[in-house]
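Participant: Just so you know, the protein sequences line up as chains C and D, in that order.
Under this note's numbering, the first residue of the first sequence carries the number 1, and numbering increases by one thereafter.
Under this note's numbering, the first residue of the second sequence carries the number 1001, and numbering increases by one thereafter.
Here's a structure for you.
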Amino acid sequence: MKYYDEYRDKELCQALIAKISSLTEESFTFMEVCGTHTISIFRSGIKDLLPENIHLISGPGCPVCVTPISDIDRIIALSRMDNTIIVTFGDMINVPGSTSSLKREKAIGADIRIIYSPSQALDIALEFPGKKVILVGIGFETTVPLLASVVLEAKEKNINNFYLLSLGKLMPPIIKALLGSHEARIDGMLCPGHVSAIIGSKPYQFIPDSYGIACVIAGFEPVDILIAIYHLIMQNINKDPRVENKYKRAVREEGNPTALNLINQVFIPRESEWRGMGRVKDSGLALRSEFSGWDARNFSVVAEITKENEQCLCGEVLRGVITPLQCPLFRKVCTPGNPIGACMVSGEGVCAAYYKYSSVKG
Amino acid sequence: MCLAIPGKIIKKIDNEQAEVLLGKVKKLIRVSLLPEVKDGDYVLVHAGYAITKVDFQQANEIEQAWEELES
């Protein structure tokens, strides 16, 4: 199909891999910060085709995975309220909370519905005027404008039984926290293409400026990812770290101004908790006070006391400190059928990707 | 989660919605985040919303990749 096939062209991919292999013998580690990149890298076999000196590690780019257990517990508590419908993206229902999960709550009677698009939450709210319809609002900058748009529409149309639990998260602050910790060696960042379609290329400028780290915005097809890796290596060889946009067909320097205005109109940055990374300043979004009538945080529910599985190393995986193969639970106790941590639940989770695509050796 | 797929706008209905061809499937997609799109444009669709215009020709990425390989 036109506009798909050329980005998956075998000949071009092989030529790019040959070029990458010929560039240097020096060892480099690049992090992809987007779960969709992680899956694309595994599915296309890029990890195995790269020369041994080029390492790819995954970062905190899967919204389901980075949602902390305390938020899962809160959603579970909300689902136990009377006359309530919880509306969520699919992967969330399988994530274990401290003692339960949304799937378990659904099995014992909670009304929990899976949606594809946030706008469906409004349809459900209109269909069931006597129920409180709560949208579990996870996502990065790609998804946040959609959530903003739904809240605005609820206000304009006076849909007063719709509520958003705002759990949206922002990429630049968490990248800054990650690089500032110096925990994992990172020589370059493969920046998330669809987050960048919204925020543009400028918000990444601190990565080369403050940390001297190479930075390439990449698309999601194999050719896109290989081109990005080639340029990450070249920036390192030339000692010229900067922000390069190699996803020009979808990403403009200024991003999507309409979407950015919408985010700004509805949300305000706030401190947010990330699984494995703790609280990070201004890395999350709260609804502005004029939308408090649609804010699910105003329901006073008592969530259970957070209990983490001490052996689960999701946090270390999300920070790029270890690979799933170094977690004692991986493949033994923790599997997609019996996930212990969120990274094994989500289709975009690093552990799920390793489970599905990698050999035992990795 | 940040998955988005390219589609072609077949018919813009109003500023909110358009018929978009995704592969071989026609779907009603929200276009409120892209006020400027018109029939025939390519867009990336994420969770039922068009989030950015896709300009394959202007970006010219594939030709540039081949040129870089030969350099």
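Note that the Cβ used here is the ideal one computed from N, Cα and C, for glycine as well.
If you're wondering where the values come from, they're calculated on a predicted model, not measured in any experiment.
Looking at C/L152: is its Cβ nearer than 9 Å to the Cβ of C/V266?
Facilitator: Going by C-beta atoms, C/L152 is nearer than 9 Å to C/V266.
Participant: Mind pulling the beta strand (DSSP E) runs of 3 or more residues that sit fully within the region 25-54 of chain C?
Facilitator: Taking only runs of at least 3 residues, the beta strand (DSSP E) segments lying wholly in the region 25-54 of chain C are 28-32.
Participant: Could you tell me if C/G90 is buried or exposed, where buried requires 16 or more neighbouring beta carbons within 10 angstroms of its beta carbon?
Facilitator: Under this definition C/G90 is an exposed residue.
Participant: For D/L1028, does the count of other Cβ atoms within 10 angstroms reach 16, so buried, or fall short, so exposed?
Facilitator: The residue is exposed, with fewer than 16 neighbouring Cβ atoms inside 10 Å.
Participant: Look up C/D73 in the DSSP assignment and give the residues it is bridged to.
Facilitator: In DSSP, C/D73 forms no bridge with anything.
Participant: Whole beta strand (DSSP E) runs in the region 199-223 of chain C with 3 or more residues, listed along the chain?
Facilitator: As far as the region 199-223 of chain C is concerned, its whole beta strand (DSSP E) runs of at least 3 residues are 214-218.
Participant: At a CB-CB cut-off below 8 Å, which residues of chain D make contact with C/F291?
Facilitator: Per Cβ cutoff of 8 Å: no residues; C/F291 is ~17 Å from chain D at best.
Participant: Give me, in chain order, the residues of the same chain whose beta-carbon lies closer than 7 Å to that of C/T29; leave out the 5 immediate sequence neighbours on both sides.
Facilitator: Around C/T29: H55, I57, R185, I186, D187.
Participant: Between C/R331 and C/Y355, what straight-line distance do the alpha-carbon atoms span, to the nearest angstrom?
Facilitator: Cα-Cα distance, rounded: 7 Å.
Participant: Which two residues bound the contiguous beta strand (DSSP E) that contains C/R279?
Facilitator: 278-287 is the span of the beta strand (DSSP E), which, as asked, contains C/R279.
Participant: Considering only their Cβ atoms, is the gap separating C/E6 from C/V223 smaller than 9 Å?
Facilitator: Contact: yes.
Participant: Is the region 57-76 of chain C close to the region 235-244 of chain C, with three or more CB pairs under 8 Å?
Facilitator: Because the criterion of three Cβ pairs below 8 Å is not met, the region 57-76 of chain C and the region 235-244 of chain C do not touch.
Participant: Do C/L102 and C/I75 count as a contact pair if the criterion is CB distance below 9 Å?
Facilitator: Taking 9 Å as the Cβ cut-off, C/I75 and C/L102 qualify as a contacting pair.
Participant: Could you spell out where the alpha helix (DSSP H) holding C/S149 opens and where it closes?
Facilitator: From DSSP, the alpha helix (DSSP H) with C/S149 extends over 144-156.
Participant: Relative to chain D, which residues along the region 236-251 of chain C have a C-beta separation below 9 Å, given in chain order?
Facilitator: Correct list: K246, Y247, K248, R249, A250, V251.
Participant: Could you tell me whether the region 342-349 of chain C touches the region 1007-1016 of chain D, where touching means 3 or more Cβ pairs closer than 8 Å?
Facilitator: At 8 Å Cβ cutoff, the stretches do not touch.
Participant: What residue from C/T306, C/K106, C/P328 has the CA that sits closest to C/L313's CA?
Facilitator: If we check each option's Cα against that of C/L313, C/P328 comes out closest.
Participant: List the residues of chain C whose Cβ lies closer than 7 Å to the Cβ of D/A1059, in chain order.
Facilitator: Going along chain C in sequence order, the residues near D/A1059 (Cβ under 7 Å) are K248, R249.
Participant: Can you determine whether any heavy atom of the ligand FMN sits closer than 8 Å to the C-beta of C/Y4, and answer yes or no?
Facilitator: Looking at this structure, you won't find the ligand FMN or any other ligand, since it has none at all.
Participant: Give me the Cα-Cα distance between C/I268 and C/F291, rounded to the nearest whole angstrom.
Facilitator: Looking at the two C-alpha atoms, the distance is approximately 11 Å.
Participant: Just checking my contact of C/I115 with C/V87 at CB under 8 Å: how many whole Å lie between their CB atoms?
Facilitator: Sure, about 5 Å apart at Cβ, within 8 Å.
Participant: Quick one: which residues of the region 1029-1040 of chain D get their C-beta closer than 8 Å to a C-beta of chain A? List them in chain order.
Facilitator: In the structure shown, chain A does not exist; the protein chains are C and D.
Participant: Report the neighbours of D/A1018 on chain C: residues whose CB is nearer than 9 Å to its CB, in chain order.
Facilitator: Going along chain C, no residue has its Cβ under 9 Å from D/A1018, so there is no contact; the nearest lies around 14 Å.
Participant: So which residues of chain C does D/D1086 contact, with C-beta pairs closer than 7 Å?
Facilitator: A question about residue 1086 of chain D goes unanswered here, because the residues of chain D that appear run from 1001 up to 1071.
Participant: I'd like to check one pair, C/V150 with C/A197: are the Cβ atoms closer than 9 Å?
Facilitator: No, Cβ-Cβ distance for C/A197 and C/V150 is not below 9 Å.
Participant: Between C/L147 and C/P118, is the Cβ-Cβ spacing less than 9 Å?
Facilitator: Cβ distance < 9 Å, so C/L147 and C/P118 count as in contact.
Participant: Run through DSSP, which three-state label would C/F291 get?
Facilitator: C/F291 falls in the helix class under three-state DSSP.
Participant: Going by beta carbon distance, what residues of the same chain come within less than 6 Å of C/N309, once the five residues before and after it are set aside?
Facilitator: Result list for C/N309: I340, in chain order.
Participant: Would you identify the three-state DSSP class for C/Y116, choosing helix, strand or coil?
Facilitator: Looking at C/Y116 - three-state DSSP - the assignment turns out to be coil, as it is neither helix nor strand.
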